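Plus 13 on top of the position in the sequence shown (first one is 1) and you've got this note's numbering. Working notes for the structure below.
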Amino acid sequence: AAELEAQLALVFGARVLLLGERSRVVQRVAICSGRAASSLEEAARAGADLYLTGEADEGSRAMALELGILMAAAGHYNTETFGVRALGKRLEERFGVSTRFFFEPNPI
């Protein structure tokens with residue numbers, strides 16, 4: 014779990030809150046960016062070992078433990094920048110326009 018936290022912190026450039034079954038081996042990951050703590054049960058039913066989203070809610074820790082899954086909350090903003098940057102790149106390639114991504118870190 015500590016190694017996973019460190020790797021996710023590098024990817025997102027921020028501390029990631031890791032909740033749940035910390036001894037779980039991670040082989041299958043479910044991802045939903047932004048505010049999607051409510052999809053934790055769906056990720057567990059789909060067979061995920063880790064559910065990565067932007068925000069946790071009050072019951073996330075208990076639910077993750079109950080379901081035997083890990084949940085990583087990497088920040089609402091942090092999890093949504095990947096899609097925006099990918100869209101900018103695609104627009105550049107497709108239409109020959111220039112795009113710029115303005116990173117505005119949010120500690121929440």
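For every residue, glycine included, the Cβ atom is placed at its ideal position computed from N, Cα and C. Quantities reported herein were computed from a predicted structural model and do not represent experimental measurements.
Closest to residue i by CA distance: which of the options is it?
i: E158; options: Y90, L63 and A77; result: Absent from the structure is residue 158, since the part of the chain shown begins at 14 and ends at 121.
i: G72; options: S52, G88 and G60; result: S52
i: R37; options: V24, A85, A27 and F95; result: A85
i: R98; options: V29, A75 and F114; result: F114
Within its chain, find whatever has a CB closer than 7 angstroms to the CB of residue i; leave out the 5 residues flanking it on each side and keep chain order.
i: V39; result: L17, D62, L63 and L83
i: A14; result: L31 and R35
i: F25; result: A87, G88 and N91
Please state the DSSP three-state secondary structure of residue i.
i: T94; result: helix
i: A86; result: strand
i: G101; result: helix
i: A43; result: strand
Tell me whether the beta-carbon of residue i lies closer than 8 angstroms to the beta-carbon of residue j.
i: A57; j: L80; result: yes
i: T112; j: E105; result: yes
i: R28; j: A19; result: no
In chain order, what residues of the same chain have a beta carbon less than 6 angstroms from the beta carbon of residue i, not counting five sequence neighbours either side?
i: R77; result: The identity of residue 77 in the sequence shown is Ala, whereas the question assumes Arg. So the list reads L32, G33 and M84, once near-sequence residues are dropped.
i: R74; result: L32
Just to confirm my understanding: we take residue i, look at its own chain, exclude 5 residues before and 5 after, and list those with CB closer than 8 angstroms. What are they?
i: V110; result: L104
Touching by the beta-carbon criterion (3+ pairs, under 8 angstroms), the region 67 to 81 and the region 43 to 58: yes
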